[in-house]
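Numbering (our numbering), first residue to last: 1295 to 1505.
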């Protein structure tokens, strides 16, 4: 009897602790590790991040999403984000450029959402102006011209309801919506935040306060 009580004395707290951790992970936030350069300079390879599941997704938010079924090559690529508490190997981290109902265009070296030039001060001028180099359209482009290369949403003019147009901050290397289209809301894991103790104010501002 004493042995049973002793065992329960340390097993029960462990079980409760694991249950609480699982609830927090599934409902509130999880911790992930960035894998790759697509969000440089704001998020670098191997950097740990917090992913908040309940945060509102806005233009400028950095999100983690499951790219399986979104990017046709997702199953073949190594994951861009590795969840420290378990991953399916197809989680990407990107920045939301446009939300449902928005139109997007790249012209004259700048991105326009709903015909308004957006603030991209979170990346350098050179990165802001490399859009034509890695999209499938030479020079200027918009959603309709990009969508000609997508298997889904061909002829798209606006971001569809319940979906997002995303891009990596390291524009010249990022595999993103320009290639394969929109990210459905039900694929989004959550919104990225840096850890509270991160001393790099510029990074905190560029990642946390954009959405």
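In this text, a Cβ means the ideal position worked out from N, Cα and C, and glycines have one as well.
- One thing to note: residue 1477 has its Cβ no nearer than 9 Å to the Cβ of residue 1355.
- Rounded to whole angstroms, residue 1445 and residue 1361 show a C-alpha spacing of 15 Å.
- In this structure, residue 1340 and residue 1331 do not form a Cβ contact; the two beta carbons are roughly 11 Å apart against a cut-off of 8 Å.
- Remark: C-beta atoms of residue 1326 and residue 1358 approach each other more closely than 9 Å.
- Cβ-Cβ distances below 7 Å link residue 1470 to 1388, 1460, 1461, 1462 in the same chain, with the five nearest sequence neighbours on each side left out; the list follows chain order.
- Shown here for residue 1390: same chain residues with a beta carbon closer than 8 Å to its own, the five before and five after excluded, namely 1351, 1352, 1353, 1354, 1355, 1356, 1357, 1458, 1459, 1460, 1505 in chain order.
- Inter-residue distance for residue 1421 and residue 1435 is about 16 Å (C-alpha atoms, whole angstroms).
- Residue 1451 counts as exposed, since fewer than 16 other C-beta atoms from the protein chains shown sit within 10 angstroms of its C-beta.
- Just measuring C-alpha positions, the residue of 1418, 1402, 1424 sitting nearest residue 1467 is 1424.
- For residue 1457, the secondary structure class from DSSP, reduced to helix, strand or coil, is strand.
- Residue 1480 counts as exposed, since fewer than 16 other beta carbons sit within 10 angstroms of its beta carbon.
- Distance check between residue 1364 and each of 1344, 1347, 1386, 1348 places 1386 closest, using alpha-carbon atoms only.
- Under the DSSP assignment, residue 1340 falls outside any beta strand (DSSP E); it carries neither an H nor an E label.
- In summary, residue 1442 is exposed, with fewer than 16 beta-carbon neighbours lying within 10 Å of its beta-carbon over all protein chains present.
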